[in-house]
Amino acid sequence: MDILLFGPPGAGKGTQAKLLTEELSVPQISTGDMMRAERKSGSDLGQRFDSFMSQGLLVPDELVLELIEQRLKKADAQNGAIFDGFPRTTAQAEALDGILTRLGRSIERVVSMEVSLDEILTRVTGRRVCLDCGQTYHVRYSPPPADGTCVSCSGSNVVQRKDDTEEVAQKRYDEYKAWTEPVLAHYQPKGLVATVDGVGALEEVHQRISSALGR
Ligand code: AP5
Ligand code: MG
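Note that our numbering has the sequence shown beginning at 2, numbered continuously upward.
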């Protein structure tokens, strides 16, 4: 089963993708998480990603598509995936169609999560993430333990993302409006898009997404 979780920065894509992977037994593929891992490794490619990410700009399509091609070759992704934060441009969506077609697969559902800009800024500026396992927290809505230990992997790398300032979050939102929101028009004629209210308790939003997936 191949599913897209779609929505602006801070909509809750990563949070909800984590809940879905357990239920659907397919991996979460977050290009943002993969780029942060590459950056953390200190590689040249990671530094190239950083030059765009730190400013809230989209990373060029060819770099993103190379990452996706490699990721989809891994054993755990042979039966489907939950795409989180990808595709972000129409060119990426068209390329993904081509890759999946070659694998005899196709996108089954696009779940578009709707959240207002005010709520996005509150969420993003209060977010904390575990650099080791990707677990997401929010200082107010789901605070990490006071000693900084991750509840998911027991690591001690729970930090604030570099791009989670109000200024960079606003830039990411502008990029979303300019490049990513139009991607919905690629999937709408195929009848694949389900719109879900992304505001509410985590479990409530999860139920809405499950219903949109017919579960
Ligand atoms: P990426 O990491 O994908 O960032 P994003 O799309 O900006 O999305 P976020 O991760 O910020 O938000 P999210 O929707 O996952 O929300 P989360 O669950 O964490 O990309 C980062 C950068 O990488 C981009 O700017 C770009 O430079 C580059 N990039 C990545 N992919 C690319 C691509 N395909 N092409 C080109 N460039 C690419 O939740 C947010 C916060 O809200 C958390 O604190 C969470 O605890 C809280 N929260 C979640 N749900 C709720 C709820 N229901 N109620 C209250 N709080 C909630
Ligand atoms: Mg995310």
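A virtual CB, placed ideally from N, CA and C, is assigned to each residue, including glycine.
Asked                                                                                                                      : Found
Between the CA atoms of A170 and V27 - distance to the nearest angstrom                                                    : 29 Å
Buried versus exposed, by CB contacts within 10 Å (16 or more), I100                                                       : exposed
Euclidean distance between Cα positions of A195 and E168                                                                   : 30 Å
Secondary structure of Q136, DSSP reduced to three states                                                                  : coil
Short Cβ contact (7 Å threshold) for A251 with D3                                                                          : Because the chain is modelled from 2 through 216, residue 251 falls outside the range shown and cannot be assessed.
Alpha-carbon spacing of L73 relative to L203, whole angstroms                                                              : 28 Å
Counted within 10 angstroms of its Cβ, other Cβ atoms place T181 as buried (16 or more) or exposed                         : buried
Same chain, Cβ closer than 8 Å to I121, neighbours up to 5 away in sequence not counted                                    : P9, P10, G11, A12, A170, Y174
Chain-order list of residues whose beta-carbon lies under 6 Å from that of G127 (same chain, five-residue window excluded) : H139, V140, R141
Straight-line gap, R40 to A96 (C-alpha atoms, nearest Å)                                                                   : 24 Å
The ligand MG heavy atom lying under 6 Å from the CB of G156                                                               : no
DSSP three-state assignment for T123, whether helix, strand or coil                                                        : helix
C-alpha gap between V152 and P145, whole angstroms                                                                         : 8 Å
Nearest residue (CA-CA) to Q161, options T150, E176, L132                                                                  : L132
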